[in-house]
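Chains C and Z are the protein sequences, given in the same order.
Counting from 1, one number per residue, gives the positions in the first sequence under the UniProt record's numbering.
Counting from 1, one number per residue, gives the positions in the second sequence under the UniProt record's numbering.
Number of protein chains: 2
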Amino acid sequence: MNNCGALAILSPESLGKFAPDTAQSLIGLSVNDPRVPTPSFLIEDEKLEKNLERARTRARELGVAFRPHLKTHKSIVIARRQMTSPEGPATVSTLSEARYFAANGVKDMIYAVGIAPQKLAEVARIRALGVDLKIILDSVEAAKAVSDFCREHGTEIPVLLEIDVDGHRSGLAPECDELLQAAKALQDGAGLAGVLTHAGDSYECKSIEAIIAAAEGERAGIVKAAGRLRAAGFEVPIVSVGSSPTLMHSKSESGVTEIRAGVCAFFDLFMTNLGVSKKEDIAGSVLATVIGRQTTKNQLILDSGFLALSRDRGTARQKRDYGYGLVCDAAGEPLDDGRIILAGTNQEHGILTLPGDSSLKLEDFPLGTRLRILPNHACPTAAPYKYMLLVRNGIIIDVLEHVRGWD
Amino acid sequence: MNNCGALAILSPESLGKFAPDTAQSLIGLSVNDPRVPTPSFLIEDEKLEKNLERARTRARELGVAFRPHLKTHKSIVIARRQMTSPEGPATVSTLSEARYFAANGVKDMIYAVGIAPQKLAEVARIRALGVDLKIILDSVEAAKAVSDFCREHGTEIPVLLEIDVDGHRSGLAPECDELLQAAKALQDGAGLAGVLTHAGDSYECKSIEAIIAAAEGERAGIVKAAGRLRAAGFEVPIVSVGSSPTLMHSKSESGVTEIRAGVCAFFDLFMTNLGVSKKEDIAGSVLATVIGRQTTKNQLILDSGFLALSRDRGTARQKRDYGYGLVCDAAGEPLDDGRIILAGTNQEHGILTLPGDSSLKLEDFPLGTRLRILPNHACPTAAPYKYMLLVRNGIIIDVLEHVRGWD
C-alpha cells in the first residue's frame with residue numbers, strides 16, 4: 001500500500017480538459033460545434049424560464065410561499081432565478097447542497113432528509129455562518145438526539161416534524177401519538193418550526209384526478225397534524241407540503257403555508273407520462289454523438305451510456321416506456337414524430353433502433369451527427385456532470401457549476 | 001440572465017467539506033466514526049487485492065497479456081495495483097480517463113469506445129504527451145475520418161478494428177466484407193494496430209457452461225477476423241478480447257494476445273448472480289446511516305438513495321433480485337443470512353423492510369446505526385463519489401481520488 005502520490009498530481013489538467021471555470025470558453029458556441037464535448041447536459045433557457053414561472057404562478061395562485069427544491073439542478077444560477085428572493089426560501093437534499101447554497105447567499109433552507117445524529121455538527125457549523133438551516137425528523141428518538149446535541153453545544157436548531165400522508169416513505173402519521181411525543185421531546189435549543197410532508201405517491205398516479213386527490217390528501221394530512229399540535233399548545237409556524245405533481249394540480253392549499261417542488265424546473269419524460277408536463281416543456285437533455293451503426297439491426301450507437309443518462313427506468317412502469325430516453329435532433333426536436341427511443345445503454349454506449357417503417361434511415365446519421373436525448377428522470381441525469389450548459393436557440397449562453405456529493 | 005457570479009465563489013468550501021485531498025484526514029478512522037460521512041463508497045482492501053490477483057492469474061494461465069479496464073474505479077492507485085506495469089497496458093472508457101491516467105504515467109492505453117471524429121483532436125493532444133493511446137472503430141466511414149485527420153495534421157493514431165462476436169453492441173462481423181474495406185481505408189498516419197472485441201452478451205448467460213461457450217465464441221470470432229486480415233496482407237499485432245465473465249471462465253485464448261476486464265476488480269451482486277463471483281468477493285460497498293423507521297411497515301429508512309447506489313436494477317432480471325442492494329452490517333457482513341435487501345430508493349433515501357420472520361427487529365437499529373450496502377453494479381455506483389475510502393479491518397487506510405466526466 002502506497003499512500004503517497006495518490007493525490008500528488010491531482011490538477012485540473014489531470015482531472016479533465018474542462019472544469020466549470022475553463023468550460024466558460026464554450027459560451028457562444030453552437031451545440032453542433034465540435035469543441036462542445038459530448039455527452040453534455042444541456043438546459044434550454046426559455047423552457048427553464050417558462051417552467052420556473054409556472055411553478056411560481058401556481059404557488060401564488062394557491063396563496064402559499066414557494067420553497068423550491070434545489071436538488072434537481074444543484075446550481076446557484078438556477079436557484080436565483082427560481083427562488084422568490086436571493087436569500088430563499090429553498091429546500092435541499094444534502095448538506096453539501098446546504099453548504100454550497102449558503103456560501104452563495106441563500107439564508108432560509110430546509111434540509112429535507114431525516115437527520116442523522118452524526119450530521120448535527122455540520123448543521124450547526126452551517127447555521128453558524130448566519131444561515132437559517134432547518135432540519136426534519138420523525139421520531140421521539142431523533143427529537144431527543146437533537147435536543148441533547150443543542151443542550152451539549154449550547155446551540156439552536158429549528159426542527160420540522162416530518163408527516164406521512166400517503167405511506168410513501170418517512171414521517172409520522174397525522175393521527176399518531178408519537179407526533180405529540182416528538183414535539184414534546186424537542187427541548188432546549190431544538191425548537192419546533194413546523195411540519196413538513198411530501199406526497200411522494202403522487203408519482204404513481206394514473207390520472208390527473210388521482211393527482212388532485214393526492215394533493216388534497218397531502219393538504220388534509222398536514223393540516224390535521226398541525227391542528228393536533230396547535231391543540232396541544234405548540235406553535236406551528238411552517239406547514240410545508242410539496243411534490244411537482246401536487247403543486248401543478250392542487251385545487252386548494254388552505255391551511256398550508258408553503259409548497260416545495262423540484263423536478264418541475266426541468267421536467268422529464270416521467271413527468272410527461274404522468275400528465276404533469278408536455279414533451280415540449282422538458283428543459284434538460286443530453287447532447288450525444290453518433291459513433292457507429294449496425295446495419296443488419298438498423299441500429300445507431302451513441303456516445304451516451306448509462307453514466308450520461310442514468311440507469312433510471314422509471315418510465316418502464318408508465319403508459320409509455322421511453323427506454324433510456326427520447327431521441328431528438330441537435331435542436332431538441334423529437335425524431336420521427338417521437339417514435340425513436342434509446343432502447344439500450346452500456347456504461348458509455350447508447351443503442352437506438354430505427355423502426356422498420358421509419359422515414360429515417362441509418363444514412364441520415366453520418367458518424368459525428370449530434371443528437372439530443374430527453375431523459376426519463378432529470379435529477380439523476382444532471383447530477384454526475386461537471387457542469388451544465390445553458391442553451392438558447394442552439395447557442396451556449398452560460399456554463400453552470402453545480403454541487404455534488406454529500407459531505 | 002446573469003452570467004456573472006456563476007463561478008465567482010466556487011471554492012473547496014462552497015463545494016464541500018471534503019475534497020479528495022482534505023478527506024485524507026479520514027485515514028485512521030473507523031467506518032463507525034461519526035466524522036466519516038455517509039453515504040461513502042468503501043473498498044475492502046483485502047478483497048480488492050484478491051480480486052486483482054485472481055484476474056492477473058487467469059490471464060497468466062491463459063497465456064495472454066492483461067489489459068485491465070479502468071472504468072470501474074477510475075483511480076490511479078487501484079490501476080497501479082491492477083496493471084502488470086505502472087505504464088500499462090490498460091483500457092479506458094472516456095478521454096477524461098485517458099488524460100488522467102496519462103498524467104499519472106500510464107503509457108499504453110486503448111480508448112475502447114468507438115471514436116467520434118470530433119474527439120480525434122483530443123486523442124492527438126494526449127498522444128503528444130508521449131502516450132500510446134489507441135482508438136477503436138468499426139466502419140469504413142470512421143477509418144476514412146481518422147485517415148483524413150492524420151493526413152491533415154501530420155500525426156499518427158493507431159487503430160483497432162472493433163469486432164462483433166455476439167450481436168451485443170458495436171463492431172464488424174468477423175466474416176463481413178467491410179472488415180477488409182475498413183482496414184484498407186486506414187491510410188497515412190492511421191495504422192492498423194489490431195482487432196478488439198467484447199463478449200458483452202456473456203452478462204446474460206444463465207450458466208457457467210454458457211459463459212464458457214461465450215468465451216469460446218469470443219475467441220473464435222476475433223481469431224477469425226484477425227486471420228482474414230492477415231490473409232489479406234495486413235499485420236495484426238494486437239488481438240484483444242475481454243469481459244469479466246469470459247476472463248474468469250475461458251478455457252483457451254489460443255490466437256489471442258490480450259484480455260481486458262473491468263468489474264472483476266470490485267465484483268458486485270450482478271456478477272454474483274451470474275456465478276462469476278461470490279458475495280464474499282464483493283470489494284465495493286456503500287456506507288449508509290439509519291435515519292428513520294416506519295414501525296407499521298417494519299421498515300428502516302437510510303440516507304443512501306439512488307444517487308448513492310445508482311438506479312441500476314440489473315439483478316431484477318437475474319435469479320435473485322437484490323432491489324437496490326444487499327444490506328450488511330458496518331463490518332460488511334450480510335444481515336439475517338443475506339435476506340435483507342434495500343427494496344426502494346428515492347434520490348437521498350433508501351428503504352428496507354425487515355421480513356416478518358426475521359431474527360432482527362427495528363429496535364436493533366437505533367437512529368445513527370451504520371450499515372453497508374453491496375451494490376448491484378459496481379461501476380455506476382462508484383462513479384459519482386468525490387473520493388473512495390479504502391478500508392482494512394474496518395479502518396480507513398487510504399482516500400482514493402478518481403476521475404469523472406467525459407471531457
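Quick reminder that beta carbons are idealized off the backbone N, C-alpha and C, glycines included.
Can you give me the C-alpha to C-alpha distance between residue i and residue j, rounded to a whole angstrom?
i, j, result
"C/L7", "Z/A23", "Residue placement at C/L7 is flagged as unreliable, the pLDDT there being 33, under the threshold of 50; a coordinate-derived value is accordingly withheld."
"C/A90", "C/P237", "16 Å"
"Z/N298", "Z/T353", "6 Å"
"C/S304", "C/P117", "39 Å"
"residue 408 of chain Z", "Z/I222", "Nothing in the structure corresponds to residue 408 of chain Z, since chain Z is present only between 1 and 407."
"C/K278", "C/F266", "11 Å"
"C/L326", "C/A316", "13 Å"
"C/E53", "C/R169", "29 Å"
"Z/V64", "Z/E44", "28 Å"
"C/I397", "C/V31", "11 Å"
"Z/A231", "Z/L192", "14 Å"
"Z/S310", "Z/A378", "9 Å"
"C/P34", "C/Q347", "22 Å"
"C/C264", "C/T72", "9 Å"
"C/E235", "C/L229", "7 Å"
"C/V391", "C/D337", "23 Å"
"Z/R125", "C/L172", "58 Å"
"Z/L48", "Z/S244", "15 Å"
Got a sec: is the Cβ-Cβ distance from residue i to anything in chain Z below 7 Å?
i, result
"C/I396", "no"
"C/V113", "yes"
"residue 409 of chain C", "With chain C covering 1 to 407 only, the question about residue 409 of chain C has no answer from this structure."
"C/Q118", "yes"
"C/H349", "yes"
"C/L307", "yes"
"C/C176", "no"
"C/R311", "yes"
"C/P375", "no"
"C/D138", "yes"
"residue 429 of chain C", "Nothing can be reported for residue 429 of chain C: it is not among the residues displayed for chain C, which extend from 1 to 407."
Can you find a C-beta in chain C that's less than 7 Å from the C-beta of residue i?
i, result
"Z/A182", "no"
"Z/G368", "yes"
"Z/G405", "yes"
"Z/C205", "no"
"Z/S285", "no"
"Z/T289", "yes"
"Z/K279", "no"
"Z/I301", "yes"
"Z/S93", "yes"
"Z/R169", "yes"
"Z/C379", "yes"
"Z/A142", "yes"
"Z/D188", "no"
"Z/K386", "yes"
"Z/G217", "no"
"Z/G242", "no"
Could you say which of the options lies nearest to residue i if we only look at CA atoms?
i, options, result
"C/L307", "Z/I163, Z/G344, Z/E363, Z/P384", "Z/P384"
"Z/R339", "Z/I373, Z/T345, Z/V92, Z/R311", "Z/I373"
"C/T272", "C/K224, C/L229, C/C205", "C/C205"
"residue 458 of chain Z", "Z/Q318, Z/R293, Z/G255", "Since the displayed chain Z opens at 1 and closes at 407, residue 458 of chain Z lies outside it and no answer follows."
"C/K319", "C/G275, C/A343, C/G356, C/L302", "C/G275"
"Z/P375", "Z/D336, Z/V403, Z/V391, Z/D321", "Z/D321"
"Z/K107", "Z/V36, Z/E87, Z/L129", "Z/E87"
"Z/T345", "Z/T84, Z/I126, Z/D312, Z/D407", "Z/D312"
"C/E253", "C/R151, C/I212, C/A343, C/H153", "C/I212"
"C/A98", "C/T84, C/G130, C/R81, C/S85", "C/G130"
"C/L179", "C/V165, C/G189, C/D188", "C/V165"
"Z/G242", "Z/E156, Z/I110, Z/L389, Z/C328", "Z/I110"
Check whether the stretch 283-303 of chain Z and the stretch 358-368 of chain Z touch, using three or more Cβ-Cβ pairs below 8 Å as the test.
yes
Of all the alpha helix (DSSP H) runs that stay within the bounds of the stretch 274-311 of chain C, which reach a length of 4 or more residues?
List check, alpha helix (DSSP H) in window: 306-309.
Three or more C-beta pairs below 8 Å linking the stretch 51-63 of chain C and the stretch 253-264 of chain C
yes
Stretch-stretch touch, CB-based, cutoff 8 Å, three pairs: the stretch 151-161 of chain C with the stretch 189-206 of chain C:
As far as the Cβ criterion goes, the stretch 151-161 of chain C touches the stretch 189-206 of chain C, which means the pair count is three or higher.
In chain order, which beta strand (DSSP E) runs of at least 3 residues are fully inside the stretch 74-129 of chain Z?
Positions of the beta strand (DSSP E) runs, each at least 3 residues long and wholly inside the stretch 74-129 of chain Z, are given as 90-92, 108-111 in order along the chain.
Count Cβ pairs between the stretch 171-187 of chain C and the stretch 127-134 of chain C that sit closer than 8 Å; are there 3 or more?
no
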